[in-house]
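Trainee:
Residue numbers (my numbering), protein chains in the order written: chain A, 808 to 979; chain B, 755 to 1340.
What follows is the structure, given as structure tokens:
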């Protein structure tokens, strides 16, 4: 069965780690849909969030191989229901005196933010889950998207921390 | 203040390294200079592929990590096949490469190649040393990673300026690798469950592999099999993990394994898969493999569990530990009834064994023709089954597995997973260095032998008395066999002698060996075979025995790729089979 998977990978913050991880995906012909990496509270570790579509069984084996990499501390495969997923997008749209106010209304409704503005364009920042962002970008498209960049998904498991996790987080 | 290259060598000494296989070059000569200041023996091969195969042979014969050293660029790329080979066969290696100076990296400097990037998918782990202060720690970690858990190759790439930098070394006594958890121990509940499954089964089988040898668990396996009276089939990687002259041994299974091992594993109602990975050459069509059996899989590698075949009871564990625990539980269990309970099963297995023995046919028209199988069997008899055997890849490799009975672990060293031709002779050198008092014979094919024939110089110069028995059929025999089976015998570049003079003996291996100042002999008559093999064995130096054999022999039995054991070809009757379309299976 093909599904979208959100993998949260805790790694040592060392050079080459990204290449090792990316290699396991590319070697199987998997395309990474989105990828986000940044240090954790402890700068010697990084958290990586990878979104990938693929066969469940193949991905399960891939997850185990990821876990086997020496620099990988832990891998979790989040089910969308059990995790909070967010993404940030910066989008530059066409907006002149005629369309600006309408665009601002939509920005308001989506609780997005205008971070830069010029005579014929403005730069909007927004965060949300993938569905919200799609809806927002659909509406922005009407004005004309000049440029866009997205962070890729970040995710965190919902619910209470268990003891093991708490201990780990203190270390991180 | 110590030179980086000396820190490396001192760190190797601290790991107990006694020998390195090393071919120098511009980016690695600093380390060679350091080796001249050490008691470590440096063996100079004649090609980096030879050195890495020799390191593998050393590692597999000794159980210790093999160490090899090469220069940057072409030196490093020449190691790649051996690294992939060690990765596939879980051989502990530490491969050290020189690299261009750090400020030249990424600029296409002379003899620069990104060996770390090149080898990413075929190493257990790898390092690029960017600070001389990391050197001692990295070497310590590399040996730890290479030899623990499921063993494998670790690469250390060292830029020349790091070799030449100086620091006050601190040699760590332990490693701190938060993401590396190689030690797994079977859950006691699972162990009880296995014992329960055995007590309910009627047709149990053990299918075990290289994991038994890697974890030094042969004694435990023998005890377990004898106590439970369960027959044992190994993989080709597992040959010697269980004594093949034991009544419970069915030798090995898979594409060219024995009929009785394949039948028994597939007809079993309980399959104990121990230190194996359900490789396609073993299982054939994997969903048909052991389809009637409850499968228990004991392995140290979590990524192998359920990879190719869903199993009823997965046990993540060091094989030796799991077998010890099983033996402990069984010690207090009454298994006296096993022999009676499995009597029907044993009878069935013995019937198969009698009906389908491994055999070969003499040539009725030429009684002096040497069948390759006969040569191997004679070597077995003359060495009393006590030699360490290495092989190249192809027909001779399968025959070596079939007709030499292996009693001890670490005595059959073959490139099983990657199937690298050219493995045999350099691996024999490494094994002989590891075990100088044992007879070491490379049973090779003419194609494979030629691929690393330059290592005869290493044998001569270093005084390593590894023997080569070349089963010379002047063809790429295994491909010829597949041409016969699938391409109506159309020969597509599988003739390895001189097409302009097809009857001439080319290349002349005896002459070649003489060029290396090594004794050699050609034998083409069966009546001279025994004496020729004995001459090889009696020789105190390396020796090349060129055994002339027909190219028309097929390795049988054979389960064609991607089919099940029921389609096993037992007798050679290609005319009776439909000339099948070229298979899409490998």
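Using N, Cα and C, we set each Cβ at its ideal position, and we do this for glycine too.
#1: Just list the residues that DSSP pairs residue 1006 (chain B) with in beta bridges.
#2: Alpha carbons only, please: which of A:913, A:919 and A:878 is nearest the one belonging to residue 897 (chain A)?
#3: Examine chain B for any beta-carbon lying closer than 8 Å to the beta-carbon of residue 871 (chain A), and answer yes or no.
#4: Could you please give me the residues that DSSP links to residue 713 (chain B) through a beta bridge?
#5: With 16 other CB atoms within 10 Å as the buried threshold, where does residue 922 (chain A) fall?
#6: Roughly how many whole angstroms lie between the Cα atoms of residue 1015 (chain B) and residue 1007 (chain B)?
#7: Would you call the segment 946 to 964 of chain B and the segment 880 to 891 of chain A in contact, with 3 or more CB pairs under 8 Å?
#8: Who are residue 864 (chain A)'s beta bridge partners in DSSP?
#9: I'd like to check one pair, residue 867 (chain B) with residue 826 (chain B): are the Cβ atoms closer than 8 Å?
#10: So, does the CB of residue 973 (chain A) fall closer than 8 Å to a CB anywhere in chain B?
#11: Closest to residue 1231 (chain B) by CA distance: which of B:1088, B:1148 and B:992 is it?
#12: Distance check for residue 1269 (chain B) and residue 1146 (chain B), CA to CA, integer angstroms please.
#13: Name, please, each residue of chain B whose Cβ falls closer than 8 Å to the Cβ of residue 830 (chain A).
#14: Could you pull the start and end residues of the beta strand (DSSP E) that residue 933 (chain A) belongs to?
#15: If residue 976 (chain B) sits next to residue 1024 (chain B), beta carbons under 8 Å apart, how far is it from one beta carbon to the other, in whole angstroms?
#16: Tell me the rounded alpha-carbon separation between residue 1255 (chain B) and residue 865 (chain A).
#17: Spatial neighbours of residue 828 (chain B) within its chain, please: C-beta separation below 7 Å, excluding the five flanking residues on both sides.
#18: Here's the rule I'm using: 16 or more other beta-carbon atoms within 10 Å means buried, otherwise exposed. How should residue 834 (chain A) be labelled?
#19: Spatial neighbours of residue 801 (chain B) within its chain, please: C-beta separation below 8 Å, excluding the five flanking residues on both sides.
#20: Can you find a CB in chain A that lies within less than 8 Å of the CB of residue 931 (chain B)?
#21: Taking 8 Å as the cut-off, decide whether the C-beta atoms of residue 926 (chain B) and residue 830 (chain A) are in contact.
#22: Establish whether the CB of residue 894 (chain A) and some CB of chain B are separated by less than 8 Å.
#23: Tell me which residue opens and which closes the alpha helix (DSSP H) that residue 760 (chain B) is part of.
#24: Rounding to the nearest angstrom, what Cα-Cα distance links residue 1122 (chain B) and residue 1178 (chain B) in this structure?
#25: So residue 953 (chain A) is in the beta strand (DSSP E); what residue range does that whole segment cover?
#26: What residues from chain A crowd round residue 1061 (chain B), counting only those whose CB sits closer than 7 Å?
#27: What does residue 826 (chain A) reach in chain B if we use C-beta pairs closer than 9 Å?
#28: Kindly confirm or deny that the segment 967 to 982 of chain B and the segment 1071 to 1084 of chain B touch, where touching means at least three C-beta pairs closer than 8 Å.
#29: Could you check which residue in A:917, A:846, A:836 and A:881 has the C-alpha nearest to that of residue 935 (chain B)?
#30: Are residue 1296 (chain B) and residue 1197 (chain B) close, meaning C-beta to C-beta below 8 Å?
#31: What number of angstroms, rounded off, separates the C-alpha of residue 1239 (chain B) from the C-alpha of residue 820 (chain B)?
#32: Residue 1107 (chain B): buried (16+ other C-beta within 10 angstroms of its C-beta) or exposed?
#33: For residue 1057 (chain B), go through chain A and note every residue whose CB falls closer than 7 Å to its CB, in chain order.
#34: Answer yes if the segment 1277 to 1292 of chain B comes into contact with the segment 1170 to 1185 of chain B, meaning at least three C-beta pairs across the two stretches below 8 Å, and no otherwise.
#35: By the DSSP assignment, the beta strand (DSSP E) with residue 961 (chain B) in it spans what residues?
#36: For residue 1224 (chain B), is the classification buried or exposed, using 16 other Cβ atoms within 10 angstroms of its Cβ as the cut-off for buried?
Mentor: A quick look at the data gives this:
#1: Residue pairing by DSSP places residue 1006 (chain B) opposite B:988 in a beta bridge.
#2: Minimum Cα distance to residue 897 (chain A) is reached at A:919.
#3: Yes, because at least one Cβ of chain B sits closer than 8 Å to the Cβ of residue 871 (chain A).
#4: The question about residue 713 (chain B) has no answer, for chain B in this structure spans 755 to 1340.
#5: Counting Cβ neighbours within 10 Å, residue 922 (chain A) comes out exposed, since fewer than 16 surround it.
#6: Approximately 5 Å, taken between the alpha carbons.
#7: Between the segment 946 to 964 of chain B and the segment 880 to 891 of chain A there are fewer than three inter-stretch CB-CB distances shorter than 8 Å, so the stretches are not counted as touching.
#8: The partner list for residue 864 (chain A) (beta bridge, DSSP) is empty, contrary to what the question assumes.
#9: Taking 8 Å as the Cβ cut-off, residue 826 (chain B) and residue 867 (chain B) qualify as a contacting pair.
#10: The pLDDT assigned to residue 973 (chain A) is 49, lower than 50, so where the model puts this residue is not dependable; a value taken from the coordinates is nonetheless given after this. Chain B, which has no Cβ nearer than 8 Å to the Cβ of residue 973 (chain A), makes this no.
#11: Restricting attention to B:1088, B:1148 and B:992, the CA atom closest to the CA of residue 1231 (chain B) is found in B:1148.
#12: Taking the straight line joining both Cα atoms gives about 22 Å.
#13: For a Cβ distance threshold of 8 Å, residue set 874 and 875 of chain B lies close to residue 830 (chain A), ordered along the chain.
#14: Note, residue 933 (chain A): beta strand (DSSP E), 928 to 935.
#15: Beta-carbon to beta-carbon, residue 976 (chain B) and residue 1024 (chain B) are separated by about 19 Å, too far to satisfy the 8 Å threshold.
#16: Cα to Cα, the separation comes out at about 52 Å.
#17: 865, listed in sequence order.
#18: Exposed is the call here.
#19: Around residue 801 (chain B): 777, 832, 1206, 1208 and 1209.
#20: Yes, its Cβ sits closer than 8 Å to a Cβ of chain A.
#21: No, the Cβ-Cβ distance between residue 926 (chain B) and residue 830 (chain A) is not below 8 Å.
#22: No, because no Cβ of chain B sits closer than 8 Å to the Cβ of residue 894 (chain A).
#23: Residue 760 (chain B) -> alpha helix (DSSP H) spans 758 to 768.
#24: Cα-Cα distance, rounded: 27 Å.
#25: Taken as a continuous stretch (DSSP letters only), the beta strand (DSSP E) holding residue 953 (chain A) covers 952 to 957.
#26: Among the residues of chain A, those whose CB is under 7 Å from the CB of residue 1061 (chain B) are 868, following chain order.
#27: The answer, in chain order, is 870, 871 and 874.
#28: By the C-beta criterion, the segment 967 to 982 of chain B is judged to be in contact with the segment 1071 to 1084 of chain B, since at least 3 inter-stretch pairs fall below 8 Å.
#29: Closest option to residue 935 (chain B), Cα to Cα, is A:881.
#30: Remark: C-beta atoms of residue 1296 (chain B) and residue 1197 (chain B) do not approach each other more closely than 8 Å.
#31: Taking the straight line from one Cα to the other gives about 39 Å.
#32: Counting Cβ neighbours within 10 Å, residue 1107 (chain B) comes out buried, since at least 16 surround it.
#33: Residues of chain A passing the Cβ test: 868, 871, 872 and 875.
#34: As far as the Cβ criterion goes, the segment 1170 to 1185 of chain B does not touch the segment 1277 to 1292 of chain B, which means the pair count is below three.
#35: 958 to 962 is the span of the beta strand (DSSP E), which, as asked, contains residue 961 (chain B).
#36: Per the 10 Å Cβ criterion, buried.
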